[in-house]
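Engineer:
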């Protein structure tokens with residue numbers, strides 16, 4: 002069996018089989034970040050969790066150097082990790098940066114890459130505490146591991162959505178897909194403030210970032226929460242120039258997808274601008290379905306963005 | 002300026018320029034692992050630090066698939082990270098595993114890779130709590146980030162060696178270089194028990210693992226501790242089949258190099274078998290020099306193993 006036949010998500014399941022055994026592990030594989038029972042001693046009585054996540058970008062898989070500057074590459078790699086920490090309700094603290102570099106890369110390009118990382122690290126007060134600089138025969142590779150913290154009562158996972166919850170999203174969808182995944186810092190708005198605001202309301206039941214696409218994000222929440230969902234196509238905020246299909250399956254948006262019980266909708270809408278209700282959570286047996294503007298149920302396309310397929 | 006002209010260590014200095022700013026950062030870049038002020042709530046009054054390190058192995062840079070099985074590759078990648086945590090006096094707790102895979106790799110090979118990782122993770126009670134599975138156009142890449150813990154009074158860094166200390170090592174040197182860096186789990190003995198034993202004596206002043214070679218390891222301790230050193234060539238334990246040069250500069254041994262004040266030598270030798278005294282720490286102005294069997298000082302070859310050179 003070749004990798005191209007099972008896809009990225011099948012492989013992740015391969016790893017995930019080994020159950021966490023340490024008491025300090027709250028959540029292992031399967032969410033935007035792992036959740037660990039560690040906290041800084043300075044936390045005055047308020048119980049916190051530690052978050053940890055990692056994301057790697059590979060040349061000609063996730064980006065092309067013709068379209069992406071080294072500065073943007075560094076910025077973006079840290080950004081996608083920050084988005085994962087934010088989607089858990091937390092904030093970032095420490096990063097490890099590993100870069101794999103072919104010999105054709107110049108020192109100035111490496112400096113630009115770190116400038117991109119450091120710009121965002123400075124803005125979010127992230128300490129870069131380690132990493133590894135290695136030779137890579139062909140492709141530029143940037144891999145970042147990011148630590149974060151979250152107050153225990155602000156933690157948001159994928160696994161607590163319940164039937165009767167509404168599905169909300171920030172921003173609009175399909176923009177990066179319409180631009181053919183061209184990367185640029187200007188297009189990458191992080192929803193870190195919104196994520197913290199949502200977490201601090203204690204009203205959301207589940208949250209995820211939409212990096213793998215809106216439909217895939219809803220599917221992941223449903224899988225983890227053991228529920229079904231309806232996505233109303235005519236409610237999905239579509240980015241300028243994008244098609245509905247790109248908005249549903251495109252990915253790379255780094256928006257937030259979260260669930261809130263119906264009765265708290267107005268409370269949460271008061272606190273956030275540019276939030277849209279795109280669907281609702283239903284019982285597991287009713288599966289995940291799209292609903293078009295005539296009210297007709299439609300099956301899903303094989304969801305999300307998979308690198309091996 | 003091309004990368005090949007400045008080398009790996011120059012690049013790491015490029016990153017390291019940004020000083021850590023968070024109170025939770027005890028040690029950032031520059032040791033075997035970063036040291037953070039986080040601890041599990043279950044630690045009964047005993048103050049601990051958290052350790053974090055990352056290491057990445059790239060096909061045709063760090064290993065060749067003709068010589069290394071996928072099982073050995075997984076095992077080895079986790080092993081080099083465990084060695085870094087051990088060199089700080091600590092023990093490993095949680096890992097994130099990122100693998101980059103070309104399409105030619107089979108699912109069975111990926112399973113073998115995880116089997117290698119899981120075997121060692123099981124032995125050291127490490128929870129694998131996350132990671133990323135990505136496509137890589139050409140080279141197999143395995144990157145692991147490893148967390149650990151260390152009791153505050155057991156922490157060993159590179160930076161506290163003092164003139165009058167002796168330089169001690171576990172095991173013998175030059176074996177992997179003599180075998181032309183061929184990897185194999187059988188050759189990779191980890192000195193985790195010895196490292197913990199050394200840490201618990203509270204007698205060592207500095208420690209490092211010898212992954213970049215014996216001379217490079219002594220140089221790193223000297224740089225961090227602002228001291229000089231003498232390495233006595235005829236005291237270096239040379240592996241069977243290896244030359245003195247391979248023992249001094251070869252690397253890939255994952256032995257421990259540590260410093261202890263002269264007066265505690267017999268105390269520490271009582272607790273450890275297979276430990277050798279290979280040199281001594283001197284004042285900074287006296288630099289780092291090799292001493293041959295006739296007592297003659299010799300200059301160092303450009304030390305250690307650098308991937309870009």
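Protein chains in written order, with the numbering used here: chain L, 2 to 310; chain V, 2 to 310. Don't be surprised by glycine CBs; every beta carbon is placed ideally from N, CA and C.
(1) What residue range is occupied by the uninterrupted beta strand (DSSP E) comprising residue 71 of chain V?
(2) Is the distance from the Cβ of residue 243 of chain V to the Cβ of residue 284 of chain V below 8 Å?
(3) Compare the C-beta of residue 293 of chain V against all C-beta atoms of chain L and say whether one is closer than 8 Å.
(4) Pull the bridge partners of residue 136 of chain V from the DSSP assignment, please.
(5) Should residue 109 of chain V be labelled buried (16 or more other beta-carbon atoms within 10 Å of its own) or exposed?
(6) Looking only at its own chain, which residues have a Cβ that is under 6 Å from the Cβ of residue 71 of chain V, when we skip the five neighbours before and after it?
(7) What residues are listed by DSSP as bridge partners for residue 289 of chain L?
(8) Can you have a look at residue 93 of chain L and say buried or exposed, based on whether 16 or more other CB atoms are within 10 angstroms of its CB?
(9) Count the other CB atoms within 10 Å of the CB of residue 20 of chain V; is the residue buried (16 or more) or exposed (fewer)?
(10) Give the residues of chain V in contact with residue 68 of chain L, contact being defined as C-beta atoms less than 9 Å apart.
(11) Take residue 63 of chain V and list the residues in its own chain whose beta-carbon comes closer than 6 Å to its own, dropping the five residues that flank it on each side.
(12) Between residue 304 of chain V and the rest of its own chain, which residues show a CB-CB distance below 6 Å, the 5 nearest in sequence each way excluded?
(13) Thinking C-beta only, is residue 206 of chain V closer than 8 Å to residue 116 of chain V?
(14) Is the CB of residue 50 of chain V under 8 Å away from at least one CB in chain L?
(15) If you draw a straight line from the C-alpha of residue 162 of chain L to the C-alpha of residue 176 of chain V, how long is it?
(16) Short of 7 Å Cβ to Cβ, which residues in the segment 82–105 of chain V face chain L?
(17) Residues of chain V with CB under 8 Å from residue 30 of chain L, in chain order?
(18) Within the 8 Å Cβ cut-off, does residue 35 of chain L reach chain V?
(19) Provide the residue span of the beta strand (DSSP E) that contains residue 143 of chain V, from first to last.
(20) Residue 38 of chain V touches chain L at which residues, Cβ-Cβ below 7 Å?
(21) Let me know if residue 228 of chain L comes out buried or exposed under the rule of 16 or more other beta-carbons within 10 Å of its beta-carbon.
(22) For residue 129 of chain V, I'd like the list of residues in its chain whose CB is within less than 8 Å of its CB, leaving aside the five on either flank, ordered along the chain.
(23) Does any residue of chain L have a CB that is nearer than 8 Å to the CB of residue 239 of chain V?
(24) Would you call the CB atoms of residue 279 of chain L and residue 170 of chain L closer than 8 Å?
(25) Could you spell out the range, first to last residue, of the alpha helix (DSSP H) harbouring residue 171 of chain L?
(26) Could you check how far apart the C-beta atoms of residue 152 of chain L and residue 47 of chain L are, in whole angstroms? I think they sit under 8 Å.
(27) Under 8 Å between C-beta atoms, does residue 61 of chain L make it to chain V?
(28) Does the segment 131–145 of chain L come close enough to the segment 256–274 of chain L that 3 or more CB-CB pairs lie under 8 Å?
(29) Per DSSP, what kind of secondary structure is residue 113 of chain L in: helix, strand or coil?
(30) Between which two residues does the alpha helix (DSSP H) carrying residue 277 of chain V extend?
(31) Helix or strand or just coil, what does DSSP make of residue 257 of chain L?
(32) Please work out which residues of its chain come closer than 7 Å, Cβ to Cβ, to residue 137 of chain V, disregarding the five sequence neighbours upstream and downstream, and give them in chain order.
(33) Please list, in chain order, the chain V residues whose beta carbon lies closer than 8 Å to that of residue 23 of chain L.
(34) For residue 56 of chain V, which of helix, strand or coil comes out of DSSP?
(35) Got a sec: which bits of the segment 137–170 of chain V sit with their beta carbon under 7 Å from any beta carbon on chain L, in order along the chain?
(36) Looking at the secondary structure, which residues open and close the alpha helix (DSSP H) in which residue 269 of chain V lies?
Structural biologist: According to the structure data:
(1) Residue 71 of chain V sits at position 70 when you count from the first residue of the second chain. For residue 71 of chain V, no beta strand (DSSP E) run applies; the uninterrupted alpha helix (DSSP H) run containing it begins and ends at 71–88, by DSSP.
(2) Within the second chain, the letter at position 242 stands for residue 243 of chain V. Within the second chain, the letter at position 283 stands for residue 284 of chain V. Not in contact: residue 243 of chain V and residue 284 of chain V (Cβ atoms no closer than 8 Å).
(3) Residue 293 of chain V sits at position 292 when you count from the first residue of the second chain. By this cut-off, residue 293 of chain V is not an interface position.
(4) In the second chain, the residue the question calls residue 136 of chain V occupies position 135. BP columns for residue 136 of chain V point to V:102.
(5) Start at 1 with the first residue of the second chain, and residue 109 of chain V comes out as number 108. Exposed is the call here.
(6) Within the second chain, residue 71 of chain V is the residue found at index 70, counting from 1. Taken in chain order, the residues that qualify are 110, 113 and 114.
(7) Position 288 of the first chain, counting from 1, holds the residue named residue 289 of chain L. Beta bridge pairing from DSSP links residue 289 of chain L with L:230.
(8) Residue numbering aside, residue 93 of chain L sits at position 92 when the first chain is read from its first letter. Flag for residue 93 of chain L reads buried.
(9) If you number the second chain from 1, residue 20 of chain V lands on position 19. Result: exposed.
(10) Taking the first chain and counting its residues from 1, one reaches residue 68 of chain L at position 67. Within chain V, no residue comes near residue 68 of chain L; the closest Cβ sits about 16 Å away, beyond 9 Å.
(11) As a position in the second chain, residue 63 of chain V is number 62, starting the count at 1. Apart from the 5 residues on each side of it in sequence, residue 63 of chain V has no Cβ closer than 6 Å to any other Cβ in its chain.
(12) Here residue 304 of chain V is taken as the residue at index 303 of the second chain, counted from 1. Confidence at residue 304 of chain V is low in this model, with a pLDDT of 46, below 50, so the placement of that residue is unreliable and no value is reported for it.
(13) Locating residue 116 of chain V in the second chain gives position 115, where the first residue counts as 1. Locating residue 206 of chain V in the second chain gives position 205, where the first residue counts as 1. Against a cut-off of 8 Å, the Cβ pair of residue 206 of chain V and residue 116 of chain V comes out as no contact.
(14) What you label residue 50 of chain V is simply residue 49 of the second chain in a count that begins at 1. With respect to chain L, the C-beta atom of residue 50 of chain V has no partner C-beta closer than 8 Å.
(15) Start at 1 with the first residue of the first chain, and residue 162 of chain L comes out as number 161. Start at 1 with the first residue of the second chain, and residue 176 of chain V comes out as number 175. Near 56 Å, if we compare the C-alpha coordinates of residue 176 of chain V and residue 162 of chain L.
(16) Listed by position along the chain: 94, 95, 97, 98, 99, 101, 102 and 104.
(17) The residue given as residue 30 of chain L occupies position 29 in the first chain. Neighbours of residue 30 of chain L on chain V, chain order: 129, 130, 131 and 132.
(18) For the purposes of this step, residue 35 of chain L is taken as residue 34 along the first chain, with counting starting at 1. At least one beta carbon of chain V lies nearer than 8 Å to the beta carbon of residue 35 of chain L.
(19) Along the second chain, one-based indexing puts residue 143 of chain V at 142. Start and end: 142–152.
(20) Translated into the one-based positions of the second chain, residue 38 of chain V becomes position 37. Those within 7 Å of residue 38 of chain V in chain L are 41 and 42.
(21) Residue mapping note: residue 228 of chain L aligns to position 227 of the first chain, counting from 1. Buried, since its Cβ has 16 or more Cβ neighbours within 10 Å.
(22) As a first step, residue 129 of chain V must be located in the second chain, where it is residue number 128. Excluding positions up to five away in sequence, the list reads 95, 96, 97, 98, 118, 119 and 122.
(23) Here residue 239 of chain V corresponds to residue number 238 of the second chain, with the count starting at 1. No, its Cβ sits nowhere closer than 8 Å to a Cβ of chain L.
(24) One-based indexing of the first chain puts residue 279 of chain L at position 278. One-based indexing of the first chain puts residue 170 of chain L at position 169. Yes, they are a contact pair.
(25) Along the first chain, read from residue 1 onward, the residue named residue 171 of chain L stands at position 170. The continuous stretches of alpha helix (DSSP H) do not include residue 171 of chain L, which lies in the beta strand (DSSP E) extending over residues 166–171.
(26) One-based indexing of the first chain puts residue 152 of chain L at position 151. One-based indexing of the first chain puts residue 47 of chain L at position 46. Confirmed, Cβ separation roughly 6 Å.
(27) Position 60 of the first chain, counted from the start, is the residue given in the question as residue 61 of chain L. Chain V, which has a Cβ nearer than 8 Å to the Cβ of residue 61 of chain L, makes this yes.
(28) By the C-beta criterion, the segment 256–274 of chain L is judged not to be in contact with the segment 131–145 of chain L, since fewer than 3 inter-stretch pairs fall below 8 Å.
(29) Position 112 of the first chain, counting from 1, holds the residue named residue 113 of chain L. Residue state, collapsed to three classes: helix.
(30) To locate residue 277 of chain V, count along the second chain from 1; it is residue 276. For residue 277 of chain V, there is no enclosing alpha helix (DSSP H); the residue is found in the beta strand (DSSP E) stretching over 276–283.
(31) By one-based count along the first chain, residue 257 of chain L stands at place 256. For residue 257 of chain L, the secondary structure class from DSSP, reduced to helix, strand or coil, is strand.
(32) Translated into the one-based positions of the second chain, residue 137 of chain V becomes position 136. For residue 137 of chain V, where only same-chain residues beyond five positions count, the Cβ hits under 7 Å are 101, 102 and 103.
(33) Along the first chain, one-based indexing puts residue 23 of chain L at 22. Here the neighbours are 94, 95, 126 and 128.
(34) Numbered from its first residue, the second chain carries residue 56 of chain V at position 55. Correct three-state label for residue 56 of chain V: strand.
(35) Here the close residues are 137, 138, 139, 140, 142, 144 and 146.
(36) Counted from its first residue, the second chain places residue 269 of chain V at position 268. If you look at residue 269 of chain V, you'll find it in the alpha helix (DSSP H) that goes 266–272.
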